[in-house]
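Number of protein chains: 2
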Amino acid sequence: MFEQLGLIGCGLMGGSFALALRRAGLVRQIVGYSHSPASTERARQLGVIDVAAHSAQEAAHGADLVLVAVPVAASLSTFQAIRPALGAGALVMDVGSTKCDVIEAARHGLAERLGNFVPAHPIAGKECAGVDHADPHLYTGRQVILTPLPETRLAQTQRANAVWSALGAHVRSMTPESHDSALAAVSHLPHLLAFAFTNGLTAQANSAHFFELAGPGFRDFSRIAAAEPTLWRDVLLANRTQVQLQLDAFRGALADLEALMQAGDATGLGQAIAAASATRSQWTMGTGPVVDATSASTPA
Amino acid sequence: MFEQLGLIGCGLMGGSFALALRRAGLVRQIVGYSHSPASTERARQLGVIDVAAHSAQEAAHGADLVLVAVPVAASLSTFQAIRPALGAGALVMDVGSTKCDVIEAARHGLAERLGNFVPAHPIAGKECAGVDHADPHLYTGRQVILTPLPETRLAQTQRANAVWSALGAHVRSMTPESHDSALAAVSHLPHLLAFAFTNGLTAQANSAHFFELAGPGFRDFSRIAAAEPTLWRDVLLANRTQVQLQLDAFRGALADLEALMQAGDATGLGQAIAAASATRSQWTMGTGPVVDATSASTPA
Numbered sequence: 612m613f614e615q616l617g618l619i620g621c622g623l624m625g626g627s628f629a630l631a632l633r634r635a636g637l638v639r640q641i642v643g644y645s646h647s648p649a650s651t652e653r654a655r656q657l658g659v660i661d662v663a664a665h666s667a668q669e670a671a672h673g674a675d676l677v678l679v680a681v682p683v684a685a686s687l688s689t690f691q692a693i694r695p696a697l698g699a700g701a702l703v704m705d706v707g708s709t710k711c712d713v714i715e716a717a718r719h720g721l722a723e724r725l726g727n728f729v730p731a732h733p734i735a736g737k738e739c740a741g742v743d744h745a746d747p748h749l750y751t752g753r754q755v756i757l758t759p760l761p762e763t764r765l766a767q768t769q770r771a772n773a774v775w776s777a778l779g780a781h782v783r784s785m786t787p788e789s790h791d792s793a794l795a796a797v798s799h800l801p802h803l804l805a806f807a808f809t810n811g812l813t814a815q816a817n818s819a820h821f822f823e824l825a826g827p828g829f830r831d832f833s834r835i836a837a838a839e840p841t842l843w844r845d846v847l848l849a850n851r852t853q854v855q856l857q858l859d860a861f862r863g864a865l866a867d868l869e870a871l872m873q874a875g876d877a878t879g880l881g882q883a884i885a886a887a888s889a890t891r892s893q894w895t896m897g898t899g900p901v902v903d904a905t906s907a908s909t910p911a
Numbered sequence: 612m613f614e615q616l617g618l619i620g621c622g623l624m625g626g627s628f629a630l631a632l633r634r635a636g637l638v639r640q641i642v643g644y645s646h647s648p649a650s651t652e653r654a655r656q657l658g659v660i661d662v663a664a665h666s667a668q669e670a671a672h673g674a675d676l677v678l679v680a681v682p683v684a685a686s687l688s689t690f691q692a693i694r695p696a697l698g699a700g701a702l703v704m705d706v707g708s709t710k711c712d713v714i715e716a717a718r719h720g721l722a723e724r725l726g727n728f729v730p731a732h733p734i735a736g737k738e739c740a741g742v743d744h745a746d747p748h749l750y751t752g753r754q755v756i757l758t759p760l761p762e763t764r765l766a767q768t769q770r771a772n773a774v775w776s777a778l779g780a781h782v783r784s785m786t787p788e789s790h791d792s793a794l795a796a797v798s799h800l801p802h803l804l805a806f807a808f809t810n811g812l813t814a815q816a817n818s819a820h821f822f823e824l825a826g827p828g829f830r831d832f833s834r835i836a837a838a839e840p841t842l843w844r845d846v847l848l849a850n851r852t853q854v855q856l857q858l859d860a861f862r863g864a865l866a867d868l869e870a871l872m873q874a875g876d877a878t879g880l881g882q883a884i885a886a887a888s889a890t891r892s893q894w895t896m897g898t899g900p901v902v903d904a905t906s907a908s909t910p911a
């Protein structure tokens, strides 16, 4: 049980965490802050937070758990803002889709509190942003990746593990580099492709006609193109090196298919498609065993 | 009410049509044939067809409605096979994802029966193929595109319109060229990209790790990569000219995003992503008004 959650960023991810934590009976009070006063007030109206703070520092003050749920580019300024207010034992986590850049920001921004920071990325989301879409079940059954630093206190990693587990998530630990390369492959690149695909359609004179005829395949393929622009701009910029590697791998595979198609090579094209189809048919969404070195325990 | 449906190709699309037609009480008997004897027998066991024919010609014999639901590359041989068995008044339709090539096949294969052929493309499907996944509701609420030829008898287009409408589909008519360019944009290109994306991942040494961390975004974006290989090989080859145009448009949009990302241009990248996000957020799956020149009537 936590006495107080300091929630910095009352959007979809942060709001869902707050709702889930309260639903699990793991928090007594939630103090929230969003950059936009309207968002903070909306979160209070919806009962996602109990108290609307006027600054990130105020939200963190007195909290034994602080969740930083802001676009990753705002990590440094947020860490700097909350550092003076952090208690010596407060667990600090983020929910960012990239980890190396957030850790770099934490090294600069959290200073003597760095050992209390457990970088976290819940692999969950929706294409609709904002606290109005916050959902206490957003993390249920999803994977949460922890990428603790060498400096991270083991007890804090264990608490982080325990709290996400208590929310029904499956917790894994890995290095931030391993996280960022994998997420570039299976999340950041698909977003980039979906954005490009949508813009490529819109640029054409017949796009209205095209969109009218789009069916269920288009619906699912392009769903992530509706994602929150600022968040994804920041993710792509923060992880651009890994995204570029994945983009190059994709381009190679696309060129292979294109050459087979243009050559009319039915056998080769059929084999290449069959390989993709078999791979995707066999895939099931992972629930991730607990593979980290720490053991789960109930939250302190 | 039709006396007899001759179903050539008892797979997902054909089987679903048979189930829907029977459910609507619009057919007395269904005679089916698949290239694979095991598939034909399975369709009979499941009650999707009443009688298992030993050839396409046998399935078409005596039918007043013939549905050709085969991979588009098999269209010509199928039309040639059934032509001698076709009655003078039998309505013939296909369900192919491309129309220009199927029409070309019909011109050669159906000869004097060409006027009874109404090219049709129901914009519906699943990533799992085969009669075991046939679903009487597959076409409910979906769009069905008819692309009648100048030679097509108006009465047959009206019957085609009526039967699909009776199954709960929304029928539209357009030229085959207009259909093929639009479907290249919103269906064929996304499939090509999803195949390439999946193969680009698989080619990497860490792909098993990547796939483990894939979440809901990956699940939806890549769903169509699991599609039936032969069917999609044929579609991409048949419509390769239009697919190439769409691929070029996509590459241009992707290069724009890549340049902004690599330049670290947060403003420009944010705007480009915001454009995609706004477009996709506003899109809803079309149900397609009846815009063709024929009027709907109950099936003859």
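Residue numbers (our numbering), protein chains in the order written: chain A, 612 to 911; chain B, 612 to 911.
Ideal Cβ positions, reconstructed from N, Cα and C, are used throughout, including at glycine.
**OP:** Give the straight-line distance between the Cα atoms of B/Ile641 and B/Pro761, rounded to the nearest whole angstrom.
**Re:** 30 Å
Original post:
Under the three-state reduction of DSSP, which class applies to A/Arg634: helix, strand or coil?
Top reply: helix
Original post:
From B/Ser688, B/Thr751, B/Gly636, B/Phe613, pick the residue whose C-alpha is nearest to that of B/Gly620; which is it?
Top reply: B/Ser688
Subject >> CB of A/Met785 within 8 Å of CB of B/Arg851, strictly >> reply: no
Original post:
Cα-Cα, which of B/Phe808, B/Ala883, B/Gly658 is closest to A/Ala837?
Top reply: With respect to the C-alpha of A/Ala837, the residue from B/Phe808, B/Ala883, B/Gly658 having the closest C-alpha is B/Ala883.
**OP:** Alpha carbon to alpha carbon, how far is A/Pro827 from B/Ala886? Give it in angstroms, no decimals.
**Re:** 22 Å
Original post:
What first and last residue would you give for the alpha helix (DSSP H) that runs through A/Leu749?
Top reply: From DSSP, A/Leu749 is part of no alpha helix (DSSP H); its letter is neither H nor E.
Subject >> DSSP three-state assignment for B/Val681, whether helix, strand or coil >> reply: coil
Original post:
Would a check of beta-carbon distances place A/Ala860 closer than 8 Å to chain B?
Top reply: yes
Original post:
Candidates A/Ser892, A/Asp867, A/Thr895, A/Ala629: which alpha carbon is nearest A/Pro747's?
Top reply: A/Ala629
**OP:** Please compile the residues from chain A whose C-beta is within a distance smaller than 9 Å of the C-beta of B/Gln853.
**Re:** Per Cβ cutoff of 9 Å: no residues; B/Gln853 is ~11 Å from chain A at best.
Original post:
Does the Cβ of B/Cys711 have 16 or more other Cβ atoms within 10 Å, making it buried, or fewer, making it exposed?
Top reply: buried
Original post:
So, does the CB of A/Ile660 fall closer than 8 Å to a CB anywhere in chain B?
Top reply: no
Original post:
What does DSSP give as the partner residues of B/Asp705 in its beta bridges?
Top reply: DSSP lists B/Val679 as partners of B/Asp705.
Original post:
Alpha carbon to alpha carbon, what distance is there between B/Phe822 and B/Ser686?
Top reply: 37 Å
**OP:** Compile a chain-ordered list of the residues in the stretch 806 to 828 of chain B whose CB is closer than 9 Å to at least one CB of chain A.
**Re:** Phe806, Ala807, Phe808, Thr809, Asn810, Gly811, Leu812, Thr813, Ala814, Gln815, Asn817, Ser818, His820, Phe821, Phe822, Glu823, Leu824, Ala825, Gly826, Pro827, Gly828
**OP:** Tell me whether the beta-carbon of B/Leu721 lies closer than 8 Å to the beta-carbon of B/Arg764.
**Re:** It is not a contact, given that the beta carbons lie outside the stated cut-off.
Original post:
Pairing CB atoms from the stretch 651 to 666 of chain A with CB atoms from the stretch 622 to 638 of chain A, are three or more of them under 8 Å?
Top reply: yes
Original post:
So, do the stretch 633 to 653 of chain A and the stretch 696 to 712 of chain A have three or more beta carbon pairs nearer to each other than 8 Å?
Top reply: Contact fails: fewer than three Cβ-Cβ distances are below 8 Å.
Original post:
How should A/His802 be labelled, buried or exposed, when 16 other C-beta atoms within 10 angstroms of its C-beta is the threshold for buried?
Top reply: buried
Subject >> C-beta contact flag for A/Trp775 and A/Val797 at 8 Å >> reply: no
Subject >> Same chain, Cβ closer than 6 Å to A/Val679, neighbours up to 5 away in sequence not counted >> reply: Ile619, Thr689, Asp705
**OP:** Run down chain A in chain order and give the residues with a C-beta less than 7 Å from the C-beta of B/Pro840.
**Re:** Identification of chain A residues near B/Pro840 by a Cβ-Cβ cut-off of 7 Å yields Gly881, Ile884, Ala885, Ser888, ordered along the chain.
Subject >> B/Gly698: contacting residues in chain A (beta-carbon distance under 8 Å) >> reply: Chain A residues near B/Gly698: none, gap ~33 Å exceeds 8 Å.
Original post:
Closest Cβ-Cβ distance between B/Gly875 and chain A: below 8 Å?
Top reply: yes
Subject >> Sequence-distant residues of its chain with Cβ nearer than 7 Å to B/Ser888 (five each side left out) >> reply: none
Original post:
Excluding sequence positions up to five away, which residues of its chain have a Cβ less than 7 Å from the Cβ of A/Ser833?
Top reply: Ala805, Phe808, Thr809
Subject >> chain A contact residues for B/Ala608, given Cβ-Cβ distances below 7 Å >> reply: The first residue shown for chain B is 612 and the last is 911, placing residue 608 of chain B beyond what the model contains.
Original post:
Closest Cβ-Cβ distance between A/Ser892 and chain B: below 8 Å?
Top reply: yes
**OP:** My understanding is that A/Phe877 touches B/Arg653, with C-beta atoms under 8 Å, so please give their C-beta distance in whole angstroms.
**Re:** Position check: residue 877 of chain A holds Ala in this sequence, whereas Phe was assumed. Not a contact, Cβ separation roughly 26 Å.
Original post:
Mind checking if A/Asp903 is an interface residue toward chain B, Cβ cutoff 8 Å exclusive?
Top reply: Per-residue confidence for A/Asp903 stands at a pLDDT of 36, beneath the threshold of 50, marking its modelled position as unreliable; the derived number appears in the next sentence. No, because no Cβ of chain B sits closer than 8 Å to the Cβ of A/Asp903.
Original post:
Any idea what DSSP makes of A/Pro733, helix, strand or coil?
Top reply: It is a strand residue.
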